[in-house]
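Visitor: Sharing a structure with you now.
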Amino acid sequence: MKIKTIGVLTTGGDASGMNAAIRAVVRTAIFRGLKVYGIKRGFRGLIDGDLEEMKPTSVSGIINQGGTILKTIRCPEFREKNNQKKAAENIKCYGIDALVIIGGNGSLAGGAALYYKWKIPVVNIPASIDNDLAFTDYTVGFDTAVNTALEAIDKIRDTATSHDRVFVVEVMGRDNGLIALEVALGSGAEAVLIPEIKPDLNKVCEQLDKGHIRGKHSSIIIVAEGVMSGYEAAKQIRKRTKNLEVRVSVLGYMQRGGSPTAFSRAIAARMGQSAVELLLKGKYGKMVGVIGKKVVATEIKKVLKTKKTIDLADYKLVGVLSS
Ligand code: F6P
Numbered sequence: 005m006k007i008k009t010i011g012v013l014t015t016g017g018d019a020s021g022m023n024a025a026i027r028a029v030v031r032t033a034i035f036r037g038l039k040v041y042g043i044k045r046g047f048r049g050l051i052d053g054d055l056e057e058m059k060p061t062s063v064s065g066i067i068n069q070g071g072t073i074l075k076t077i078r079c080p081e082f083r084e085k086n087n088q089k090k091a092a093e094n095i096k097c098y099g100i101d102a103l104v105i106i107g108g109n110g111s112l113a114g115g116a117a118l119y120y121k122w123k124i125p126v127v128n129i130p131a132s133i134d135n136d137l138a139f140t141d142y143t144v145g146f147d148t149a150v151n152t153a154l155e156a157i158d159k160i161r162d163t164a165t166s167h168d169r170v171f172v173v174e175v176m177g178r179d180n181g182l183i184a185l186e187v188a189l190g191s192g193a194e195a196v197l198i199p200e201i202k203p204d205l206n207k208v209c210e211q212l213d214k215g216h217i218r219g220k221h222s223s224i225i226i227v228a229e230g231v232m233s234g235y236e237a238a239k240q241i242r243k244r245t246k247n248l249e250v251r252v253s254v255l256g257y258m259q260r261g262g263s264p265t266a267f268s269r270a271i272a273a274r275m276g277q278s279a280v281e282l283l284l285k286g287k288y289g290k291m292v293g294v295i296g297k298k299v300v301a302t303e304i305k306k307v308l309k310t311k312k313t314i315d316l317a318d319y320k321l322v323g324v325l326s327s
């Protein structure tokens with residue numbers, strides 16, 4: 005099939021760099037002579053037929069902006085067959101030959117449904133602050149989220165040191181500790197609690213007491229939200245330590261916003277271009293990803309079946325470097 009018209013959408017939790025990815029898709033597609041539709045609010049826009057044609061100027065001045073100009077929602081109703089059918093009908097009705105879907109886990113599941121059940125050519129671009137998709141070293145937005153968290157923690161470190169305090173910093177990561185681990189390494193945290201490893205607060209507290217005795221002026225404990233809340237961790241640390249002043253900071257949604265880092269923008273550009281080229285080559289049902297600097301493509305089905313794992317060496321390194 006010759007692809008003449010494509011649609012692009014963003015779905016799930018927003019991630020900084022989604023706009024850079026939309027720009028890369030739109031500009032590459034137009035450069036290659038295609039017509040492009042921007043679909044609003046992810047799969048909801050496909051169901052409702054909420055879309056508009058995009059021109060090169062539609063994506064002017066957005067490369068440095070967080071969020072997504074196409075808007076996004078979580079759309080659990082897209083699991084229902086009748087909604088998928090409506091989407092497939094709208095895709096046909098607008099003459100859309102193929103889709104580029106930008107987002108995390110949910111976007112991949114939606115892409116799989118459209119490709120495997122409804123035979124619509126799709127390519128997914130991984131974009132999520134969580135970095136929890138296999139077959140790519142990084143998702144668009146992860147690097148920005150980590151750097152945003154680090155900027156905040158550097159400031160927290162200043163006040164922690166002035167007051168000789170322990171700070172528990174809660175970062176995002178409902179199901180995995182990939183953000184927490186990277187942030188712990190980058191901030192020089194004393195310990196990190198992640199969902200993949202059963203938390204041992206006794207050990208953390210022993211370490212904090214020892215650090216206090218040998219004159220440490222501040223300690224940062226990073227907690228991924230999926231383990232327990234930062235407040236709960238602080239409560240438990242207060243109970244088990246002597247003479248330590250413990251404070252909490254929940255970084256929350258600030259990790260999702262802000263101008264994307266150079267790295268998030270660059271991978272968005274490479275993956276956006278590659279997604280369009282794959283569609284033109286007739287290579288459908290793939291997720292693009294980056295392994296090192298190389299852009300690779302993996303079958304959506306395979307990505308969905310594989311869980312990204314943390315690097316245990318990184319977890320151990322946090323302990324070694326804080327001792
Ligand atoms: O998927 C990214 C993420 O930021 C998670 O780390 C977080 O738990 C979740 O989204 C929050 O999503 P929502 O804003 O839909 O509640």
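Residue 5 is where the sequence shown starts when you use my numbering, and the numbers rise one by one after that.
Built from N, CA and C at the ideal position, the CB exists for glycine as well.
Go to residue 82, then tell me how far its alpha helix (DSSP H) extends in each direction, as first and last residue.
Guide: Taken as a continuous stretch (DSSP letters only), residue 82 belongs to no alpha helix (DSSP H), as it is neither H nor E.
Visitor: I'd like to confirm the pairing. Which residues does DSSP put opposite residue 58 in its beta bridges?
Guide: 40
Visitor: How would you label residue 245, buried or exposed, when you count the other beta carbons within 10 angstroms and need 16 or more for buried?
Guide: Its Cβ being crowded by 16 or more others within 10 Å, residue 245 is buried.
Visitor: Please indicate yes or no: does the CB of residue 21 lie closer than 7 Å to some heavy atom of the ligand F6P?
Guide: no
Visitor: Using 8 Å as the threshold, is the stretch 148-156 in touch with the stretch 50-64, meaning 3 or more CB pairs across them?
Guide: no
Visitor: Whose C-beta lies closer than 8 Å to the C-beta of residue 315 among residues of the same chain, with five residues either side of it excluded?
Guide: 185
Visitor: Which stretch, first to last residue, makes up the alpha helix (DSSP H) that contains residue 49?
Guide: Residues 47-52.
Visitor: What is the rounded straight-line gap between the Cα of residue 222 and the Cα of residue 102?
Guide: Distance between the alpha carbons of residue 222 and residue 102 is about 53 Å.
Visitor: Count Cβ pairs between the stretch 276-284 and the stretch 14-34 that sit closer than 8 Å; are there 3 or more?
Guide: yes
Visitor: On a Cα-Cα basis, can you pick out the residue from 93, 19, 115, 308 that is closest to residue 73?
Guide: 19
Visitor: Under 7 Å from any heavy atom of the ligand F6P, does the C-beta of residue 134 make it?
Guide: yes
Visitor: Tell me whether residue 241 sits in a helix, a strand or coil according to DSSP, three-state version.
Guide: helix
Visitor: Report yes if the C-beta of residue 260 is less than 7 Å from at least one heavy atom of the ligand F6P; otherwise report no.
Guide: yes
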